[in-house]
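Residue numbers (this note's numbering): 12 to 229.
Here it is, written out as structure tokens:
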């Protein structure tokens, strides 16, 4: 079994709760998520993505392999210019102004998640950063694939447009690269280091679940 799958399987219960069974995620897929919930989510996620980009920047600076640095740079570009553009487009179409975004106050759960990622990036190495980011990248990829063929959704709805954004080939390719990168480092890890990687992955996955809770229970 590949190392990325070992990490995922080590916290499978919480992974399923966060990315398959959570009521927020399910309501995106069945088209019942309210506009109010979606607007709140988009504002919190906008704040999150800004901090996410900072973490990727640290990963670039801590990587010694030029090919790896290049792929991190691609992920940074994808997040800054594709994912953030998606957010701004959505926000404009569904009643969120640029000022609303800039004035967003992060919830305690959002702040806890971003603080955790930034601390891991600051104190850890590039491999640990990669593991900390994988639950977000992989989780959204799975959600996009899970809801990719839902004929009952209005193609112009925010539900369908959001799903389409995370079901793109570009996003999926970055997920595959990140998983492959993490799979490739297993041979270098001691048993103690593997335990630490599982801890990092678990905590990021737990923060994913807490983030979904925070934008659902408003």
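C-beta: ideal position from N, C-alpha, C; glycine also.
Residue i versus residue j: straight-line alpha-carbon distance, rounded
| i | j | result |
| --- | --- | --- |
| residue 93 | residue 56 | 14 angstroms |
| residue 114 | residue 105 | 17 angstroms |
| residue 214 | residue 50 | 26 angstroms |
| residue 167 | residue 206 | 45 angstroms |
| residue 122 | residue 82 | 27 angstroms |
| residue 180 | residue 164 | 21 angstroms |
| residue 129 | residue 112 | 21 angstroms |
| residue 119 | residue 99 | 23 angstroms |
| residue 27 | residue 217 | 11 angstroms |
| residue 89 | residue 229 | 30 angstroms |
| residue 13 | residue 108 | 43 angstroms |
| residue 91 | residue 75 | 23 angstroms |
| residue 195 | residue 62 | 26 angstroms |
Residue of the options minimising C-alpha distance to residue i
| i | options | result |
| --- | --- | --- |
| residue 222 | 33, 17, 72 | 33 |
| residue 161 | 171, 179, 152, 224 | 171 |
| residue 17 | 90, 177, 95, 193 | 193 |
| residue 60 | 125, 195, 132 | 125 |
| residue 142 | 99, 152, 197 | 197 |
| residue 169 | 95, 76, 42 | 42 |
| residue 135 | 225, 19, 13, 204 | 204 |
Within 7 angstroms, strictly: CB atoms of residue i and residue j
| i | j | result |
| --- | --- | --- |
| residue 117 | residue 219 | no |
| residue 73 | residue 137 | yes |
| residue 227 | residue 186 | no |
| residue 155 | residue 127 | no |
Nearest-angstrom beta carbon gap, residue j and residue i [assumed within contact, 8 angstroms]
| i | j | result |
| --- | --- | --- |
| residue 102 | residue 157 | Incorrect: roughly 24 angstroms between the Cβ atoms, too far for contact. |
| residue 175 | residue 21 | Wrong, their Cβ atoms sit about 31 angstroms apart, outside the cutoff. |
| residue 46 | residue 38 | No, residue 46 and residue 38 are not in contact; Cβ-Cβ is about 12 angstroms, not under 8 angstroms. |
| residue 69 | residue 80 | Not quite, the Cβ-Cβ distance comes to about 12 angstroms (not below 8 angstroms), so this is no contact. |
| residue 139 | residue 25 | Going by Cβ atoms, the distance from residue 139 to residue 25 rounds to 20 angstroms, so no, they are not a contact pair. |
| residue 132 | residue 36 | That belief does not hold up - the Cβ atoms of residue 132 and residue 36 are roughly 26 angstroms apart, past 8 angstroms. |
| residue 190 | residue 15 | 4 angstroms |
| residue 64 | residue 97 | Not quite, the Cβ-Cβ distance comes to about 14 angstroms (not below 8 angstroms), so this is no contact. |
Classification of residue i by the beta-carbon crowding that lies within 10 angstroms, buried from 16 upward
| i | result |
| --- | --- |
| residue 199 | exposed |
| residue 152 | buried |
| residue 77 | exposed |
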